Every structure is written in structure tokens, then in C-alpha cells.
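Enquirer:
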Amino acid sequence: MPFINNVSKLIKNIGFIIIFPFEKILVITPKIYKAVKKEISTSVKALKNKKIKGKKSKKIKKKTKIVPRKKVDRFKNIRKIIPSIKKKWKVFLGNLKTRLSKILNLKPYFVGALISVVFIFTPLEIYRWFRELPTPGSLVTKANQSSTRILDRNGKLLYEIYVDKKYNPISLDEVPLHVIQSTIAVEDDKFYSHWGIRLDSVIRAAKNNFFGGNLQGGSTITQQLIKNVLLSPERTVSRKIKEAVLALLVEVKYSKSQILEMYLNNVPYGGTSWGIQSAAQKYFGKNVWELNIAESTLLAGLPSSPTSYSPITDLEKAKERQRYVLDRMVETRYISKEEVDEAFDMELNFIDQVEFIRAPHFVIYVRGLLEKEYGKRFVELGDLTITTTLDLELHDKVQEIVKEEVGKNSYLGFSNGAAVVLDSKNSEILAYVGSVDYFQEGWGAFDVVTGYRQPGSSIKPVTYALALSRNYTPATIIDDSAITYKVEGQKPYTPVNYDGKFHGKVTVRQALANSYNVPAVKVASSVGPDNIVDLGHKMGLSNWKIDGSYGLSVTLGGKEVRLLDHTNVFGTLSRNGIYKETTPILSVKDSKGYEIYKDRREDSQVLSSEVSYLIWHILSDNVARTPAFGSGSSLVIPGYKVAVKTGTTDNIKDNWTLGYTPSYVVGVWVGNNDGTPMNRYLASGLTGAAPIWNKIMTEVLDGKPNEVYEKLGDIFVKYDEKCGVSEVFIKGTFVPETLCIEKEEDEDGGKDDDD
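With the sequence shown counted from 1, adding 477 to any position gets you my numbering.
1) Can you tell me which residues form a DSSP beta bridge with K1122?
2) Could you pull the start and end residues of the alpha helix (DSSP H) that T699 belongs to?
3) What residue does the alpha helix (DSSP H) around A1261 start on, and which one ends it?
4) With DSSP as the reference, label V1083 as helix, strand or coil.
5) Does the contact criterion of 3 or more C-beta pairs under 8 Å hold for the segment 1110 to 1122 versus the segment 1170 to 1180?
6) DSSP on V744, reduced to helix/strand/coil?
7) Run through the segment 841 to 885 for me and flag every whole alpha helix (DSSP H) of 4 or more residues, listed as ranges in chain order.
8) Distance, Cα to Cα, K717 vs G762?
9) Roughly how many angstroms lie between the CA atoms of R1102 and T1134, to the nearest whole one?
10) Between W672 and G852, what straight-line distance do the alpha-carbon atoms span, to the nearest angstrom?
11) Return the residue from the list F891, T961, I674 and S901 that minimises the CA-CA distance to S912.
12) Classify K532: buried if its beta carbon has 16 or more other beta carbons within 10 angstroms, exposed otherwise.
13) Could you check whether L741 and L775 sit closer than 9 Å to each other, using their CB atoms as the reference points?
14) Using CA coordinates, which residue listed in P932, A757, I1055 and F855 is at the minimum distance from T833?
15) Helix, strand or coil for N1099, going by three-state DSSP, please let me know.
16) Mapping the DSSP letters down to three states, classify E1187 as helix, strand or coil.
17) Considering V985, what are the terminal residues of the alpha helix (DSSP H) in which it resides?
18) If you follow the alpha helix (DSSP H) that Y970 is part of, which residue opens it and which one closes it?
19) Are the Cβ atoms of G1034 and I936 separated by less than 9 Å?
20) Should N1020 be labelled buried (16 or more other beta-carbon atoms within 10 Å of its own) or exposed?
21) Examine the Cβ distances between the segment 973 to 984 and the segment 997 to 1004 and report whether three or more of them are shorter than 8 Å.
22) Use the C-beta contact count for Q700: other C-beta atoms within 10 angstroms, 16 or more gives buried, fewer gives exposed.
23) Secondary structure at Y1117, three-state DSSP: helix, strand or coil?
24) Identify the continuous beta strand (DSSP E) that holds S1002 and give its terminal residues.
25) How far does the alpha helix (DSSP H) with F1047 in it extend, from its first residue to its last?
26) Taking the continuous alpha helix (DSSP H) assigned at N1171, which residues delimit it?
27) Tell me which same chain residues have a C-beta within less than 6 Å of the C-beta of K874, skipping the five on either side of it?
28) Near V802, which residues of its chain fall below 7 Å by C-beta distance, leaving aside the five closest residues on each side in sequence?
29) Can you give the Cα-Cα distance for D1131 and D924, rounded to whole angstroms?
30) Is the segment 1179 to 1199 touching the segment 926 to 933 in the sense that three or more CB pairs, one from each, lie closer than 8 Å?
31) Near L702, which residues of its chain fall below 6 Å by C-beta distance, leaving aside the five closest residues on each side in sequence?
32) Could you tell me the alpha carbon to alpha carbon distance between L1084 and Q987, rounded to whole angstroms?
33) Among the candidates S1030, D914, V910 and D1011, whose CA atom is the shortest distance from the CA of Y962?
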């Protein structure tokens, strides 16, 4: 109804009025209108004064007062007088037909046809045309559309999701005065004095269109807003008329400030950037309120032809356009001539024109999860605000470390690296580096964090966690000696150690800390590969399923894992055996600010806290791993007790280091995307991922206290004075009489690629 009221205001002086009762059309000329008005007034007055038989007028009046107004049939009186109106209308048309016949000397049927066109078909066509116009009230809804925004945990923008146009609406109060003045000066210097259209511009445009042979715009800011938001971009006379009519209606409905704000948020500035805020970020990497006059005037010149005046493709032409804008500001008395040269000579610093995205691999991972949960359309058009778990400041440092270390050590034969940092207590992703450079041509966009790679010996803690849950203890003796396993239908399997030697009798502590392969395979044979797979799945390896395809090599990393999942396996250990699914999301709010995200993750105790304590105690024991890694290796974080495990796959294709404290987990991978083997010097696992892991963990722990796991009530320590060795045990497990082991001479054996 507001739309029809506005239309009525415009057409009431054109010679007819359109009324819409019961979805029918009644066209009334001024003469008939006066008659109808008089008839309605007389009829209504008569109905009011009419007395009902047997009732006093006083009671009637009282009864009339208590009738709810909204229930009164507003068209009751009109219905009663419609026959009278039709009669008057018929008489009027008959008289008109007779007069026209005499004046024009035309035959009656020609006159009838003329009347039909003028008084029936023309009003119907006008009505249809108005009905096709967009409702001005929808302008606010469409103009205020914005993109879905993905933020880090501190509110820093990572990415905006949009379909074809990137919007970032802002309030007019946030726009500097020189942005407003330069825009008005170049686009519509009479903006504050016209009513949506300018006759001088229309006449000028019509003249150029007529003599020039092409359509030329004479649009005001209001018309441009309507064209960009409500109408199609076609350049036709019909659309220009619609644009003009809507401009008048919009000017009636909205204030100048509202129109200007919507305009600045909805004009194109090049590429997918729509609106002044998106443009400021696209070209200068700034917010609009940070723009200086030089930057503002350059942007103000873009909307009329963003491609032609783009400073990226033709800076010289863009500067010419900027000069024109500045000159217009002088003509409109916004600035002085002296200020023009000063603004024109100011240096413009454009940012690299790559798609604005921070932590790109992480953003794409988050977007995939959102689309799976809410649907692609809702994510793209829902105007959502997603707050993620990512700590952008930490992530950027991790990204820098990975890129720097991979570049520095490329001589070792690897070209790529990836890293994940988790807040282990909440299993939240703090840093997510999918490659050294997302924009690296060819392979940079591939996300190693969610790619499947063989974990090598870094998976051994799962095997030993299962063993310690049964009849094994850290002091259990394993014979590190040659052995061959024969499986029907397969080649005999003979495991060997990475250093090409056998180490005789070793404890579980020594075997795990030094990552010996043969003892790990013997333990896997004892506990069963399928049971290892089952525990690995429960600890976080989502793709591990018991299907009979896993052999003993599973304990040496024969089955692929994802870096994200693998890191969370160590997170399960850090949480005292509690599995918690990783999450990159803290909050999802809809366009009205309502929270729609629900964290449905549930904790699951998949490993006893006592066994988790034993694994941590072994993996953080630098003395125990010294024979294989040395006392001052990259696995040591000075001042902190950190559990850590390395892994290198067969043929040196993948190299890993993963470690944790009670609060943080860090996982690192290095290698080549195409699986090309690395240099053989990586066999120890200390010259690939380990240095990167060390730097990242050092950065994560910087300024934080050293955290150690408290010894649980069911854990006790036994000390053997004879050899000066101590060991931890779970109450109820087998405790040997002595912890001293008689060492045998090392035997030569085959060489292996795993550490």
C-alpha cells in the first residue's frame, strides 16, 4: 500500500486516479471523480442518519461506537453505489463519444476504439507498467547485503565469502568528508537540491543520444543507486523511464543521507569490489576512514567506468581521471586550487592485487565444513559472521617459519612443508599451514594438512599405548634381533632398524624413545595389527578402519594419515587419553547476530590416563633417546619438558615431527607434493621436520610456564640402586626384580629407511 500511495501522489495530477478494490481496476476522470465523491458522501451521510425500526437513535449511536473499527467493511458503501457510478460512467462515455464524433467527423466505431485506447487500454498498460516496478522499500534490504565474513579468534578478517559482488557495507558516519565531496562533485553536484532526477541532465543526455546515435546517461546519484540495486543494467528507454520514476519515489521515501550511504555501499569500483570500503581494501589495503584525499579522489573517479580508469591496468588514465575529480571539487568549492596540486602529487601506494585472503588453506577448510553443515547457498548469501579458532598472529609466524626453513634446507631434497598447532585442551586449531605458499604456481594450493601421507615411525606411540594398556610396562624387555614373518599369500617380511643394526635386549622405553623398528614390529605382532588400527581410529585417525588390509607394517607407518588427524592423536595423549574432535570454529552468527552454531563434540576416554602418562614420560625423556638422536638435538626445547616423536617413511618420501605439552600440540611435515624421495641424510629425522617443529614449539611456548604432567595416584617409581636406573609403573602391573639389563654386542643387520 505505501507504494500505491506514492504512485497516487505522482499521478493524481495526470488526469485520472487508479483505485484497487477487490483487485479490480476503475479508471475515473476528474469529472467522474467529483461525481463519485459527491455520491459517496451523500450515501454515507444517509446511512449514518438512517434509523433502524424499533430502536432509538441514541442506542444506535452507542452501538456504532463499540464496533471495532478494523471490522467495518470499508467498501460496503462503495458497493451500494457502484450501479450509480456505472450509470454515470456510461452516460459520460456516451456524451464523449457523441461530441468526438461531431468534432472529428468520425464514425461511431472509430470513436469507440479511440475511447477504449485512451480510457481502458492505456490505463491498463500504465497499471501493468507500475506493477512491474520494484518496490522502493526493498532498496534497503538489497543495498545492505553483505558478504559472509570469516574471522580469527580475535576478530581479525581472514576472508569474505560472496558470489559475484564483494560487499562490505559501512555507515555514512565512517566515510571521510573528502570521499563524500569528491563523489558528489564528479557524479552529481546538485545531489542535495534535486528530487531524484535533473531535467538539465536529462535534456543534455537526450540531445547527445539523439544526435550521437547512442544512449548516454544523465543519471543522478539516486538513479545510479536504483540502476545498480533494483534494475537490470540494460540501456533502454523503458529502463531509463523506470529509473526516473523510481528515483522520484525513492527521494520521497528516504533522506539524502540514507540514499548517499546506500550509494557508496553499492557502486562498482572494479572487479568484484562493490562499495567504497571494499574498494579501499582492494586498492590500498585500508579501511575507508583511513583514506587520504589523494586516495579518495582516485576512487571517486572509478564508478563511471571501473575498467577504463583502473589504476592497476592504466595508472596514467586513472591519474587523468583523478585530476578531473579534483577540478570538479574546485568548481563545487569543496577545495581550493592550491589543494588540487598538493593532492594530485601525493604518492599512491597500491597493494598487490591478489584475492584478499589470510590463512588460505585454513579458510578453504573452514568453508568446506560450513557448506557441509549449512549448505553452500546459505554460506554464500546468509550474511554470516564466523569466528574461528585460528590465532592469526601465531599462524603468520608459523607460516613464516615453515617457508623460511623449507627454503633454507631445500638442498636436502624437499620443497614443501606443512604445520598444525592445536590448543590441546579444547582441540582447537590455532595455526594451520597447508603449504609453504598457497599462491605457489602449480602445487601451492594443495593442502597437505588434509592430504593423506604415510606417517613413518611417528605412528609408533599408538602401538606402544596399546601394549602398555595390556601386559607391557616401560621396563618390559624386547629382543631387538633379526626376525622374519611369513604370511600366507605374501612375501616374507623382515623388519630392520634405521641404523642398520640390532641392539639386543632393550626396554619398551628404549625401543620407543629411540624409535627402533624391529621391537615395534614384534610388539605389533603381539597386540595385533587390527587392534592397533582400532585404537588409532579411536585416538583420531578418522580414515583408519579395520578391514583386514593392515599388516605388521602398520606400526611403521604403512597406512596413510592426515597431518590434522595425526596431530590430534598426540592431542589425545596430551589430554590424558581423552579423544576430542578438532574444530576450527568458535561461533557462527546469522545476519541478525543470533548464534546458530552448536558445538556437538563429545569427549571420549579411549586410553587410560595412566597409560597416557607413561607415553608422555617416555617421549619427553631426552636421556632415553640420546643413543639415537644425541643429547642436544632439535627435539629439545630448553627450559621445557616436551614429549616428541619423529617419523620418516620408506624411501624418505615423508618426514614428520610431532610433540606436545599439556596445553599445546604441534605437528610438522616436510616432503614433496609429488612424492619424490628426499635426500638420504634425512634418515635420522633430525634434519627435516624436526628443526621446523623446534622453532614453532619454541614460539608457541614463549613466555609460558613449563608444564609437566602430575604423577597420578596409580603411578609409582621403582629405583634400582645396582645400576642407578629408575622406572615408572602402573599399580597392578608386573614389576621386574631388577631394572638392570646386560647389554650384548650390536649385531649388523639390514638397512632401513624408517627412523
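Built from N, CA and C at the ideal position, the CB exists for glycine as well. Note that this is a predicted model, so its numbers are computed, not measured.
Expert: Inspection of the coordinates gives the following:
1) L1135
2) I698 to V706
3) A question about residue 1261 goes unanswered here, because the residues of the chain that appear run from 478 up to 1232.
4) coil
5) yes
6) coil
7) 853 to 858 and 869 to 885
8) 36 Å
9) 14 Å
10) 43 Å
11) F891
12) Reliability of the predicted coordinates at K532 is poor, the pLDDT of 44 falling under 50, and the value obtained from them is presented with this limitation in mind. When all chains shown are included, K532 counts as exposed.
13) no
14) First, the residue type needs correcting, since residue 833 is Phe and not Thr in the sequence shown. The shortest Cα separation from F833 among P932, A757, I1055 and F855 belongs to A757.
15) helix
16) coil
17) V985 to A990
18) Element bounds for Y970: n/a, residue is neither H nor E.
19) yes
20) exposed
21) no
22) buried
23) coil
24) Taken as a continuous stretch (DSSP letters only), S1002 belongs to no beta strand (DSSP E), being part of the alpha helix (DSSP H) at N994 to V1004.
25) L1040 to S1051
26) A1166 to L1178
27) E1176
28) S659, A662, V663, T774, A777 and G778
29) 15 Å
30) no
31) M739 and Y740
32) 22 Å
33) S1030
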